[in-house]
Structures are given as C-alpha cells and as structure tokens.
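Everything on this sheet refers to the single structure shown next.
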Amino acid sequence: MSSDILDGLYRVVLDLNFEDAEDLAKKSIEEGIDPLQSAEALTKAIREIGEGFAKGDLFLPDLVLASKVLQRALPVIRAEIKRQGKKTHTRGKVVIGTVFGDIHSIGKQMVATLLLSSSYEVIDLGVNVKSSVFVEAVKKYNSDILAMSALLTTTAYEQKNIIKDLISKGMRDKVKIIVGGAPINQEFADSIGADGYAPTAPLAVTLVNKLLGLDSGG
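Here is the structure:
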C-alpha cells in the first residue's frame, strides 16, 4: 500500500494532476508513511519536470502547473515532517516574491519550482509583497538567498527600497540578494546593490548555486 501511495505522489506531479494532489498527501499521512519519503517522491518528480523544461522537452505551462500541484501537496507533507520533528536536507533557504505593486507571478513561479527541484527550501511570499514582509521573512527563516522579481519598470525600483530597508536593519550582509524580471539587467542589479541578476529561471538556479559556493549537483 505504501509503495502505491508513494508512486501516486510521484505520478500526481508528473501527470499535472492538480485535483488529487492534496488528498494523496493527506492519505499518505493517514497511512503512516514516513513524510520524508513522501516529500522525496514529490521532489523527485519536480526534479524531472525541471530537467525536462531545461532540455526543452517540456514547456512553460507544464512547469507552472507542476508547481501548482506541488504547492497543493508539499505543504501538507512538510507540516507532518515538522509535527514529527524530523530533519530534512536542503541546499539552502530561499525567500522569493514579486515586489509591491506588481502582481505578475509566472517568472517567480518558474524560479521557485526549479529551486525546489534543485533541493532548496523555498519560502514563496507570493506577489505584491511589501518591503517589510520581505525583511521579516529573511529574518524569520534565516534565509541564505532573497530573490525578488519585478516585471514592470514602475516597480523595479521597489527592489532597491527593499535592499535599503535590509541595510537599515543591519541585515544586508546576512543574505545574498538576486533580482530578475523584464526591466532588470545586470547594470541595474549592480546599481541597486544586488549580489546578482539572472535573465532566465534556469540561470537563477545556477546563480544561487554560485553565490552559495555550490556546484550544480545535489
């Protein structure tokens, strides 16, 4: 039975089965399956999705839907991991969000999903996120990386404001900051004091690995 449920969790992501994701996660807990095994089944599938996207075998809609499936199931499993006091291995913690005044989510979603597939713990704050929420999340989760997205020229400078707020709180040196979005380039990233800029989601993962002194492997 347990192998069937674990295979189901794996397949639910690969099959982009949004409807059954949360129920399967809950069933795995009801059946007493080790939540670490359940989490690995989910992340194994999302790794394969990420690899398929990087190779061009899968496309943006596949990646977006797979990330939504994961977001239905993984929080249920992680809550059980925490309840049982189990430890998980991650490469690092990443706080990610789209800045205040901007409601675009697809680019951010792509980066978050590929980071998850690369064994990072991702705290996704969503869209239209105020500076104070970013700052508080960096402090609360003791994150290694802060990733900020802005798709509008009018909201790009909000990234600068967030960095200023981190400086004023004495927190800037505690976290590496990466930025991205349509109006962002390396020159802009340098001008606002970010640690890096990535033009695409796969390159964002490469950049995070580099900033944390890790190779591209697990």
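Every position in the sequence shown, counted from 1, becomes a number in the numbering used here once 22 is added.
We put the CB at the ideal spot given by N, CA and C, even for glycine.
Roughly how far, in whole angstroms, is the beta-carbon of residue i from the beta-carbon of residue j, given that I think they are within contact range, below 8 Å?
i: Val-149; j: Thr-120; result: 4 Å
i: Gly-203; j: Leu-168; result: No, Gly-203 and Leu-168 are not in contact; Cβ-Cβ is about 14 Å, not under 8 Å.
i: Leu-28; j: Glu-70; result: About 15 Å separates the two Cβ atoms, so there is no contact after all.
i: Val-98; j: Ala-47; result: 4 Å
i: Val-227; j: Leu-92; result: Their Cβ separation, rounded to whole angstroms, is 16 Å, which puts Val-227 and Leu-92 out of contact at 8 Å.
i: Asp-79; j: Leu-38; result: Actually they are not in contact, since the Cβ atoms of Asp-79 and Leu-38 sit about 14 Å apart, beyond 8 Å.
i: Arg-194; j: Ile-185; result: 7 Å
Just verifying my parser: in three-state terms, what is the DSSP assignment at residue i?
i: Ala-172; result: coil
i: Asp-84; result: helix
i: Arg-33; result: helix
i: Ile-55; result: coil
i: Ala-124; result: Checking the sequence, you will find Asp at residue 124 rather than Ala. DSSP places Asp-124 in coil when its eight states are reduced to three.
i: Asp-79; result: coil
i: Leu-64; result: helix
i: Thr-110; result: coil
i: Leu-236; result: coil
Checking the sheet assignment: what are the DSSP bridge partners for residue i?
i: Lys-130; result: Partner(s): none; Lys-130 has no beta bridge.
i: Glu-41; result: DSSP lists no partner for Glu-41.
i: Val-144; result: Val-116
When the distance is taken between beta carbons, is residue j closer than 8 Å to residue i?
i: Tyr-219; j: Ile-200; result: yes
i: Ala-61; j: Ser-89; result: no
i: Ser-165; j: Val-116; result: yes
i: Lys-130; j: Ile-118; result: yes
i: Tyr-32; j: Ala-67; result: yes
i: Arg-113; j: Ser-139; result: no
i: Glu-52; j: Ala-95; result: no
i: Ala-178; j: Pro-205; result: yes
i: Ile-103; j: Leu-58; result: yes
i: Phe-122; j: Val-86; result: no
i: Leu-233; j: Asp-212; result: no
_Entirely enclosed beta strand (DSSP E) segments - the region 150 to 223, minimum 3 residues_ = For the region 150 to 223, the full-length beta strand (DSSP E) segments reaching 3 residues or more read 167 to 171, 198 to 202 along the chain.
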